[in-house]
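First the structure, in the form of structure tokens, and then the observations on it.
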Ligand code: FRU
């Protein structure tokens with residue numbers, strides 16, 4: 009059923025559970041025109057407990073249909089995060105095109121289990137040989153499986169304490185340990201969770217790289233939960249990072265994008281990621297009533313290089329643009345500009361595109377505000393080459409000491425050309441320079457921010473501001 013706008017903060021175009029608690033997106037796959045999204049779900053309450061896989065489906069990554077519960081707790085434990093693959097060639101013997109789910113059964117120990125579906129992911133049968141992998145460490149979870157075409161085998165990557173372990177299999181049931189990655193690399197201030205591993209072309213180049221996604225909690229750049237990643241090579245056995253061990257790369261510098269992973273079998277070679285739009289620092293206290301937590305909008309990933317190393321960028325998936333209504337446009341802006349009423353009736357769902365010409369060399373400030381004096385303020389600091397997002401006065405910030413915060417993202421490779429914002433009642437997702445710098449942050453204003461003001465550095469008039477109401 010349609011859950012939009014039942015309460016003030018419920019997002020209109022982001023995926024949310026109908027009621028109850030949600031965390032990580034799980035088992036995302038595409039098949040026969042449908043995107044399937046499972047999620048860590050407590051069907052019985054609004055806090056983290058009773059982990060079960062809820063299920064939603066969508067044909068356009070924007071409109072989601074509630075499909076009920078998919079995988080429920082059993083004698084091995086509750087059902088933690090994991091992934092799904094489409095077994096086109098029937099390697100497991102559950103049938104050609106069966107959907108096979110891998111997840112952590114969290115009981116006395118964390119072990120890995122599987123279940124299969126022969127109705128495109130609507131219902132699952134648990135494999136009678138579960139668990140398929142058992143633990144030798146307490147934190148042993150979040151299996152992500154994918155087909156490695158070159159070696160003709162399946163690869164499973166999971167988090168074990170503060171490293172990632174890689175296994176291989178011919179039949180999805182029997183797994184052989186291959187290698188581990190992590191020691192000495194990146195951020196180790198928290199537990200490593202929810203990995204992903206995939207190959208991506210590098211924009212404008214004739215080579216590609218492998219990306220190892222590593223969610224970590226705590227230790228994020230803005231405090232608490234965040235997603236780091238590593239770039240390098242994968243030969244079917246071992247991931248080799250080709251960045252200096254001490255360098256940490258973050259997929260999103262905001263406070264509210266965690267446990268992001270990608271869809272299996274996405275069409276047209278796309279690599280589409282969705283994350284959980286919250287932070288373990290305060291997720292259980294977020295001031296919503298009927299439901300807790302939303303997922304980010306879908307984002308298409310790509311790599312780019314600064315000549316030394318590769319970086320991951322995430323662009324809003326094109327499907328999001330279909331929601332655009334009639335735009336309000338301000339062209340040739342310079343100095344200070346304000347649209348004090350973006351819409352005739354206040355609304356909390358819109359997209360902002362600020363495009364800056366080559367002549368805008370200085371700082372850029374963009375403020376969204378409401379009539380209650382609440383605001384979020386974004387500032388591009390040209391000297392530092394960074395973009396900040398200040399939500400300290402964004403509305404209700406008092407439910408956690410860790411909520412009022414300023415997050416800061418580097419703008420890799422120079423100046424700000426474009427800043428794009430997706431606003432949806434309780435969230436602002438900021439994408440700078442085609443998704444090369446990203447910040448996702450929750451906000452809880454007492455009324456929507458319907459005024460926007462922009463201050464541009466530089467002298468000539470070549471900046472433009474476009475505001476689209478978003479309708480579903
Ligand atoms: C990440 C996580 C996973 C785990 C799940 C439990 O947010 O801690 O590691 O599988 O949540 O709900």
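Numbering (our numbering), first residue to last: 9 to 480.
Glycine included, every Cβ here is placed at the ideal spot set by N, Cα and C.
From a predicted model like this one, the values you see are computed outputs, not experimental measurements.
Look at residue 368: its beta carbon is at least 7 Å from all of the heavy atoms in the ligand FRU. For the stretch 189–235, the full-length beta strand (DSSP E) segments reaching 3 residues or more read 199–209, 216–225 along the chain. Using a Cβ-Cβ distance cut-off of 8 Å, the stretch 399–406 and the stretch 218–238 are not in contact, since fewer than three pairs of beta carbons, one from each stretch, lie closer than that value. Excluding residues up to 5 positions away in sequence, 380, 403 lie with their Cβ nearer than 6 Å to the Cβ of residue 454 in the same chain.
In the three-state DSSP reduction, residue 329 falls in the helix class (H, G or I). Closest in C-alpha terms to residue 88, from the list 30, 150, 52, comes 150.
Here the C-alpha atom of residue 126 lies approximately 14 Å from the C-alpha atom of residue 99. Looking at the backbone, the Cα of residue 266 and that of residue 306 are separated by about 13 Å. Residue 271 holds the alpha-carbon nearest to the alpha-carbon of residue 94 among 271, 313, 325.
In this structure, residue 233 sits away from residue 339, with a CB-CB distance that is not shorter than 8 Å. The alpha-carbon separation between residue 288 and residue 65 amounts to approximately 26 Å.
Residue pairing by DSSP puts residue 429 in a beta bridge opposite 360, 438.
Comparing alpha-carbon positions, the option among 122, 395, 432 lying closest to residue 16 turns out to be 432.
Using a 10 angstroms sphere on the CB of residue 360, the tally of other CB atoms reaches 16 or more, which defines it as buried.
With respect to the 8 Å criterion, residue 191 and residue 211 are not classified as neighbours on the basis of their beta carbons. Across the structure, residue 428 and residue 364 are spaced so that their CA atoms are roughly 11 Å apart. Cβ contact annotation for residue 302 (same chain, cutoff 6 Å, sequence separation greater than five): 19, 22, 24, 285, in chain order. In the structure shown, residue 297 falls within a coil segment according to DSSP collapsed to helix, strand and coil. Segment contact: the stretch 341–354 against the stretch 406–424, fewer than three CB-CB distances shorter than 8 Å; contact not assigned. When DSSP states are grouped into helix, strand and coil, residue 275 belongs to the helix group.
With distances taken between CA atoms, residue 248 lies nearest to 238 out of 106, 198, 238. Non-local C-beta neighbours of residue 411 in its own chain, meaning closer than 7 Å and more than five positions away in sequence, comprise 290, 405, ordered along the chain. Of the heavy atoms belonging to the ligand FRU, none sits nearer than 7 Å to the Cβ of residue 117. A distance below 7 Å between beta-carbons, with the five flanking residues on each side excluded, links residue 76 to the following residues of its chain, in chain order: 63.
Taken from the Cβ of residue 88, at least one heavy atom of the ligand FRU lies inside 7 Å. Going by DSSP, residue 418 is part of the beta strand (DSSP E) stretching over 414–418. Pairing residue 256 with residue 194 gives a Cβ-Cβ distance under 8 Å. Within the stretch 72–111, the beta strand (DSSP E) runs of at least 3 residues that lie entirely inside it are, in chain order, 73–79, 86–95. In this structure, DSSP gives residue 292 a helical state, which the three-state scheme calls helix. Per DSSP, residue 382 lies in no beta strand (DSSP E) and is assigned neither H nor E. Apart from sequence neighbours up to five positions away, the residues of its chain that approach residue 123 with a beta-carbon distance below 7 Å are 79, 109, 132, 133, 134, 135, ordered along the chain. The C-beta distance from residue 44 to residue 129 rounds to 5 Å, short enough to meet the 8 Å contact threshold. Using a cutoff of 7 Å, the CB of residue 32 counts as near the ligand FRU, since one of the ligand's heavy atoms is closer than that.
Taking residue 351 as the centre and dropping the five residues before and after it, the same chain places the C-beta of 458, 477 closer than 7 Å to its C-beta, in chain order. By the Cβ test, the stretch 309–324 is in contact with the stretch 433–445, since at least three Cβ pairs between them sit closer than 8 Å. Excluding the 5 residues flanking it on each side, residue 52 has same chain C-beta neighbours closer than 6 Å at 58, in chain order.
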